[in-house]
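Residue numbering for the sequence shown follows the numbering used here, beginning at 896 and increasing consecutively. Glycine is no exception: its CB is placed at the ideal position from the N, C-alpha and C atoms.
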Amino acid sequence: MTPLKDGLELDADKRDILGSPPQPTEDVMGRKFVDCREHPSESHCSLAISADNEDELLEAVVQHAKTVHGAQDTPEFRKQIKESIKPGTPPT
Ligand SMILES: [Zn+2]
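Set out below in structure tokens:
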């Protein structure tokens with residue numbers, strides 16, 4: 896008789912019945928960021944903006960660029976920002 900083993904197996908079964916753990920959606924999507932330090936500017940801005948969603952990130956960067964860098968919100972400018980988006984989180 897191995898009561899201890901039986902108990903462990905029962906626990907494993909229970910976990911399967913109760914359902915799988917929540918899916919790590921954030922890890923699947925990945926974090927994205929734009930680092931202002933990679934874009935030399937007169938203000939020597941050191942800001943890095945990150946988000947899970949590329950549209951969200953683009954919007955935040957455009958707002959920042961307009962207010963801090965006096966940039967023009969043009970389709971071409973947005974394209975440049977999109978190209979500078981990197982996966983992961985900003986280095987510290
Ligand atoms: Zn900046």
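For the set 971, 969, 961, the Cα lying nearest the Cα of residue 931 is the one of 961. Rounded to the nearest whole angstrom, the CA to CA distance from residue 947 to residue 975 is 19 Å. Taking C-beta atoms as the reference points, residue 952 and residue 980 count as a pair closer than 8 Å. For the set 937, 940, 914, 950, the Cα lying nearest the Cα of residue 927 is the one of 950. Exposed is the label assigned to residue 963, since fewer than 16 other Cβ atoms lie within 10 Å of its Cβ.
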